[in-house]
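Asker: Starting off with a structure, shown below.
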Amino acid sequence: YVGNWRDIRPETYRKFEAFQHPAPDYVGRIVFPIRDIAGRIVAFQGRHTADGRPKYKFTPPGAKLPLFPVVEFIQGSVILVEGIFDMINLHDKGLSNAICCFGTNNVDKDKLSILKMQNITGVDIIFDGDEAGQKAAENIKGLAEAIGLITRNVNLGQNIDPGSLGKQQVQNLRERLYESSIN
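Taken in order, the sequence shown gives residues 1306 to 1488; the numbers are from our numbering.
Here it is, written out as structure tokens:
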């Protein structure tokens, strides 16, 4: 995929191996291969670019999804967001330590422990500002702290998610995160 849907640069889509596919289930979707820590593709996620339902489609259904992308060569902290477009938008605008969990119910101690084994010391959780997102962020904060990760829940505000932030807003977020760094 070489477009700039949601104001994300084509090079960022290439970095995450985005493509489009003519299969009936994937028409109108941007598709991403999801790789595990060994680099193996464990699933594909297709995001509909219009109002198609479901909005997100995973193949195979029920695949066990890792945190994505796999953390490589990051020391210090990561930014954990809910969805792939939240993560890709942050990467596109300069925050390359963002990872996504594919939904608030896809995080457990095992996945967080892998981060710790990869020399991650902290997690900034930036979920949607709605009640459900903030409740999930607090639950994940507790899991992360239980395994020794320094954790912050960063609330962007009601109806604001990381996938909709523009370049200047991401720059402001970067300054906010690193003024009171958890590294």
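Glycine included, every Cβ here is placed at the ideal spot set by N, Cα and C. Predicted model only: the values in this text are computed from it and were never measured.
Using a Cβ-Cβ cutoff of less than 6 Å, which residues in the same chain neighbour GLY1388 once the five nearest sequence positions on both sides are dropped?
Answerer: Taking the first residue of the sequence shown as 1, we reach residue 1388 at position 83. Excluding positions up to five away in sequence, the list reads CYS1405.
Asker: Going by other Cβ atoms of all chains shown within 10 Å of its Cβ, with 16 needed for buried, is GLY1491 buried or exposed?
Answerer: Summary: the structure shown does not reach residue 1491, with the chain confined to residues 1306 through 1488, and so no result is reported for it.
Asker: Assign LYS1362 to one of three DSSP states: helix, strand, or coil.
Answerer: Locating residue 1362 in the sequence shown gives position 57, counting from the first residue. Here LYS1362 sits in strand by DSSP.
Asker: Can you name the start and end residues of the alpha helix (DSSP H) that HIS1396 belongs to?
Answerer: Looking up residue 1396 in the sequence shown gives position 91. Taken as a continuous stretch (DSSP letters only), the alpha helix (DSSP H) holding HIS1396 covers 1389–1397.
Asker: With a threshold of 16 other CB atoms inside 10 Å of the CB of VAL1475, please say whether the residue is buried or exposed.
Answerer: For the purposes of this step, residue 1475 is taken as residue 170 along the sequence shown, with counting starting at 1. That one is buried.
Asker: For GLY1468, count neighbouring Cβ atoms within 10 angstroms of its own Cβ and tell me buried if that reaches 16, exposed if not.
Answerer: Position 163 of the sequence shown holds residue 1468. Looking at its Cβ environment, which holds 16 or more other Cβ atoms inside 10 Å, GLY1468 is buried.
Asker: According to DSSP, PRO1374 sits in a beta bridge with which residue or residues?
Answerer: Position 69 of the sequence shown holds residue 1374. DSSP output for PRO1374 lists no bridge partner at all.
Asker: So what's VAL1459 in DSSP terms, helix, strand or just coil?
Answerer: The sequence position of residue 1459 within the sequence shown is 154, counting from 1. Reduced to three states, the DSSP call for VAL1459 is coil.
Asker: Keeping to the same chain, check which residues put their C-beta closer than 7 Å to that of GLU1480; ignore five residues upstream and five downstream.
Answerer: If you number the sequence shown from 1, residue 1480 lands on position 175. Here the set comprises nothing.
Asker: Where does THR1317 fall in DSSP's three states?
Answerer: Against the sequence shown, residue 1317 aligns to sequence position 12. Three-state DSSP puts THR1317 in a helix.
Asker: State the Cα-Cα distance for the pair TYR1483 and LYS1472, rounded to the nearest angstrom.
Answerer: Taking the first residue of the sequence shown as 1, we reach residue 1483 at position 178. Taking the first residue of the sequence shown as 1, we reach residue 1472 at position 167. Whole-angstrom Cα-Cα distance: 17 Å.
Asker: In the DSSP assignment, what residue or residues form a beta bridge with SER1382?
Answerer: Position 77 of the sequence shown holds residue 1382. Looking at the DSSP assignment, SER1382 forms a beta bridge with GLY1427.
Asker: Evaluate the contact criterion for the segment 1413–1421 versus the segment 1431–1444: three or more CB pairs, one atom per stretch, below 8 Å.
Answerer: Contact fails: fewer than three Cβ-Cβ distances are below 8 Å.
Asker: In the DSSP assignment, find the unbroken beta strand (DSSP E) run with ARG1352 in it and report its ends.
Answerer: Your numbering for residue 1352 matches position 47 in the sequence shown. Taken as a continuous stretch (DSSP letters only), the beta strand (DSSP E) holding ARG1352 covers 1346–1353.
Asker: Excluding sequence positions up to five away, which residues of its chain have a Cβ less than 8 Å from the Cβ of VAL1347?
Answerer: Locating residue 1347 in the sequence shown gives position 42, where the first residue counts as 1. Contacts found: ILE1339, ARG1340, ASP1341, ALA1368, LYS1369, LEU1370 and PRO1371.
Asker: Classify ASP1356: buried if its beta carbon has 16 or more other beta carbons within 10 angstroms, exposed otherwise.
Answerer: Walking along the sequence shown from the start, residue 1356 turns up at place 51. Classification of ASP1356: exposed, given that the 10 Å Cβ count is below 16.
Asker: Counting only beta-carbon separations shorter than 8 Å, does LEU1370 have a partner in chain D?
Answerer: Protein chains in the displayed structure number just one, and chain D is not present.
Asker: Would you kindly check if the distance between the Cβ of SER1418 and the Cβ of ILE1384 is under 8 Å?
Answerer: Within the sequence shown, the letter at position 79 stands for residue 1384. Within the sequence shown, the letter at position 113 stands for residue 1418. The answer is no: Cβ separation not under 8 Å.
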